[in-house]
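Under my numbering, the first residue of the sequence shown carries the number 589, and numbering increases by one thereafter.
Every residue gets a Cβ at the ideal spot worked out from N, C-alpha and C, and that includes glycine.
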Amino acid sequence: MKSLTKISYETELNAIKALLPELDEIIHKIRADNQFKIERKAKNDLVTSADLASEAFIVNRLSELFPDDVIWAEENHAQPEELDQRIWIIDPIDGTTNFSHGFAPYCVSIALWDRTELVLGLVYELAHKQCFYATKGQGAYLDGTVLSVSPCTQPEDSLIATGFPYTEFSGVHSLLTLLEVLFQETHGVRRAGAASYDLCAVAAGWVEGFFEEGLKAWDVAAGGFIVQEAGGYICDWEGGDQWLTGKQIIAGNKPIKKYLLERIQGIYPGFGST
Numbered sequence: 589m590k591s592l593t594k595i596s597y598e599t600e601l602n603a604i605k606a607l608l609p610e611l612d613e614i615i616h617k618i619r620a621d622n623q624f625k626i627e628r629k630a631k632n633d634l635v636t637s638a639d640l641a642s643e644a645f646i647v648n649r650l651s652e653l654f655p656d657d658v659i660w661a662e663e664n665h666a667q668p669e670e671l672d673q674r675i676w677i678i679d680p681i682d683g684t685t686n687f688s689h690g691f692a693p694y695c696v697s698i699a700l701w702d703r704t705e706l707v708l709g710l711v712y713e714l715a716h717k718q719c720f721y722a723t724k725g726q727g728a729y730l731d732g733t734v735l736s737v738s739p740c741t742q743p744e745d746s747l748i749a750t751g752f753p754y755t756e757f758s759g760v761h762s763l764l765t766l767l768e769v770l771f772q773e774t775h776g777v778r779r780a781g782a783a784s785y786d787l788c789a790v791a792a793g794w795v796e797g798f799f800e801e802g803l804k805a806w807d808v809a810a811g812g813f814i815v816q817e818a819g820g821y822i823c824d825w826e827g828g829d830q831w832l833t834g835k836q837i838i839a840g841n842k843p844i845k846k847y848l849l850e851r852i853q854g855i856y857p858g859f860g861s862t
């Protein structure tokens, strides 16, 4: 019987980490030098000159380092038709609205998909220079410190993170109903404004659970993978595994993920029905 060889992604991880100081300087220099420009992709969906500069820098460097890999990034690189390859999934600045107002957190999010699964995730929170990262089977870390999801099992002892809709508002009534329930059944609900950071907060055990809808793969790929490597669980709102591209996500430790799934399916129409 052949032994399975475990693939290491330390080379890729170290390559990304090495980009961060220059990337940080590029992003913050744009604001400091009054080169900061904001455009609207849609109502409340902003892109800044810093987003574009960040994406260009990351894409150019990754293309030099790993020329056979494919890029999937928020601003200028669409989802590849073929997933059976190595794909870098990039959000050049997650939390652009936060960044445009100088309100932390705002993050660079980079993940690597290798043919059938995510194998690497890195989220760099720019305001406080926090680096969350994980590679397949090697655990999750914040600046070298091992991360683990919260051991809390009771909703009444939990803190929940979420995001608010900003372009599609048809689910607002259901969201408000759900929030009313969570306000009464948990310690509270927090909204950071950057899904990648919310997911890292789950991985670090700072919050017990996270849910949101309307997200894209680049919003959740790195952070979601970091949650899994920290011992957490992730699903879509049907309880399945389509959270990367399905636009709905729940993350947490096992009991809190289950609790959030039950509450969401009990309130939002069309989820959990047979």
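Contacts around residue i, its chain only, beta-carbon distance under 7 Å, and the 5 residues preceding and following it disregarded
i: A692; result: N686, A715 and H716
i: F645; result: L611 and I614
i: E663; result: V635, D639, L640, E643 and P680
i: A792; result: L730 and L735
i: T750; result: V777, R779, F798, F799 and E800
i: S746; result: C740, T774, H775, E796, G797 and I844
Residue i - containing alpha helix (DSSP H), residue span
i: A644; result: S637 to L653
i: I855; result: K842 to I855
i: P680; result: Segment R674 to D682 is the beta strand (DSSP E) holding P680; no alpha helix (DSSP H) there.
i: W806; result: A805 to E817
i: Q772; result: V760 to E773
i: V790; result: A783 to A792
Residue i to residue j span [Cα, whole Å]
i: E756; j: Q673; result: 32 Å
i: F654; j: W794; result: 35 Å
i: V707; j: I822; result: 15 Å
i: T599; j: W806; result: 21 Å
i: S784; j: Q853; result: 23 Å
i: T741; j: I698; result: 30 Å
i: D585; j: L803; result: No answer is possible for residue 585: it lies beyond the span of the chain, which begins at 589 and ends at 862.
i: A789; j: L607; result: 23 Å
i: V647; j: H761; result: 39 Å
i: K605; j: R851; result: 38 Å
i: Q718; j: Y754; result: 26 Å
i: D657; j: V815; result: 24 Å
i: N841; j: D621; result: 43 Å
i: H665; j: K594; result: 30 Å
i: I618; j: I626; result: 12 Å
i: G683; j: R649; result: 22 Å
i: S637; j: A603; result: 24 Å
i: F859; j: S758; result: 15 Å
For residue i, the first and last residue of its enclosing beta strand (DSSP E)
i: R703; result: Segment: none, R703 is in no beta strand (DSSP E) and carries neither H nor E.
i: T750; result: L747 to T750
i: V777; result: G776 to R778
i: Y597; result: Neither: Y597 is in no beta strand (DSSP E) and is coded neither H nor E.
i: L563; result: Nothing can be reported for residue 563, as the shown portion of the chain is limited to 589 through 862.
i: A722; result: Q718 to T723
i: W660; result: V658 to A661
i: G797; result: G797 to E801
i: C823; result: Y821 to C823
Residues of its chain near residue i, where Cβ-Cβ distance is below 6 Å and the 5 sequence neighbours each way are ignored
i: Q667; result: W660
i: P857; result: none
i: D786; result: A749, A780 and F798
i: G819; result: S736 and V737
i: E817; result: A722, G727 and A728
i: Y597; result: V707, L708 and T723
i: G834; result: D824
i: L770; result: I748 and V777
Burial state of residue i (16 or more Cβ within 10 Å)
i: S688; result: buried
i: F798; result: buried
i: P743; result: buried
i: F813; result: buried
i: E705; result: exposed
i: A839; result: buried
i: F720; result: buried
i: E713; result: buried
i: G811; result: buried
i: G690; result: exposed
Proximal residues to residue i (C-beta, below 8 Å), its chain only, five neighbours per side dropped
i: K590; result: With a pLDDT of 44 at K590, under the threshold of 50, the predicted position of this residue should be treated as unreliable, though the coordinate-derived value follows. Around K590: no qualifying Cβ.
i: S642; result: L611, I614, I615, P680, I681 and V696
i: R703; result: L671, D672, Q673 and R674
i: N632; result: Because N632 carries a pLDDT of 47, less than 50, the predicted location of this residue cannot be relied on, and no value is offered for it.
i: F752; result: L763 and R779
i: L865; result: A query on residue 865 cannot be resolved here, the shown segment of the chain reaching from 589 to 862 and no further.
i: P609; result: none
Short CB-CB distance (under 9 Å) between residue i and chain D
i: S784; result: Of the chains in the structure shown, none is chain D; there is only one protein chain.
Residue i beta carbon near the ligand NAD (any heavy atom closer than 8 Å)
i: F720; result: This structure does not include the ligand NAD; it has no bound ligands of any sort.
Cβ pair count under 8 Å reaching 3, the stretch 844-851 against the stretch 755-765: Remark: fewer than three beta-carbon pairs, one from each stretch, lie closer than 8 Å, so the stretch 844-851 and the stretch 755-765 are not flagged as touching.
Given 8 Å, three or more beta-carbon pairs between the stretch 777-785 and the stretch 732-743: Between the stretch 777-785 and the stretch 732-743, the count of C-beta pairs closer than 8 Å stays below three; the two stretches do not touch.
Contact between the stretch 822-833 and the stretch 719-729 (3+ Cβ pairs under 8 Å): These segments do not touch.
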